[in-house]
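One structure is given here, and the rest of the page talks about it.
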Amino acid sequence: MTEYGHLTDEERYAYDGILSYLTFLDSVQTCNIPHLKGSVTAPEISLCMAEQISQEAMHNQSYQYLIETIIPSDRRGEVYDFWRTDKVLKDRCQFIASLYQQYIDKQTTESYFIALLADYLLESLYFYNGLNNEVAH
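Heads up: the sequence shown at position 47 corresponds to 57 in this note's numbering, and the numbers run straight through without jumps.
In structure tokens, the structure reads:
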């Protein structure tokens, strides 16, 4: 925690943004992959999806642990909600969530494949870019 206090404002902004963004992304995955898994009948695919759900939940706990141990208590809520106040992050998060929401609202073959693409998009581009220290811009 002492090192966090020595970060520059720009470094702290990036750190807070990355943690907030990754926490949101893995929360979305943990909540939405079970909806997709419900339509899968192949046991091997179902097993892979169950493992993904488990991994996403573990990642989310890890980010939460970082926030709860490194971020001063008076700033934690701000970090959890950072993605809501940064326009770029908010747009990304709302876009990916809307793709999943389409399937939840209306379960069609098309919306299922859109949700699968959301999963791939989130894991390939969104998550990868979340590790970039320029996450917010």
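From the three backbone atoms N, C-alpha and C, an ideal C-beta is built for every residue, glycine too.
Item, Value
"Enumerate in chain order the residues of its own chain whose CB-to-CB distance from histidine 147 is below 7 Å, with the five nearest sequence positions on each side excluded.", "Confidence at histidine 147 is low in this model, with a pLDDT of 46, below 50, so the placement of that residue should be treated as unreliable; the coordinate-derived value is given next. Closer than 7 Å at the Cβ level, and outside the excluded window around histidine 147, lie Val98."
"Hey, glycine 140 and tyrosine 23: beta-carbon distance below 8 Å or not?", "no"
"Helix, strand or coil for serine 49? Go by DSSP, reduced to three states.", "coil"
"May I ask you to report which of helix, strand or coil DSSP gives alanine 146?", "Unreliable placement is indicated for alanine 146, whose pLDDT of 45 sits below 50; no coordinate value is reported for it."
"Run the CB neighbour count on tyrosine 138, radius 10 Å, all protein chains shown included, and call it buried at 16 or more, exposed below.", "exposed"
"On the CB-based measure, 16 or more other CB atoms within 10 Å of its CB, does cysteine 103 come out buried or exposed?", "buried"
"Quick check on the DSSP output: what are the complete alpha helix (DSSP H) runs of length 4 or more inside the stretch 79-138, in order along the chain?", "86-90, 92-95, 97-115 and 119-131"
"Can you determine whether any heavy atom of the ligand ATP sits closer than 7 Å to the C-beta of glutamate 78, and answer yes or no?", "Absence of the ligand ATP is noted for the structure shown, with no ligands found whatsoever."
"Can you tell me whether tyrosine 75 is buried or exposed, with buried defined as 16 or more other CB within 10 angstroms of its CB?", "exposed"
"Report yes or no: do three or more beta-carbon pairs, one from the stretch 36-49 and one from the stretch 67-81, lie closer than 8 Å?", "yes"
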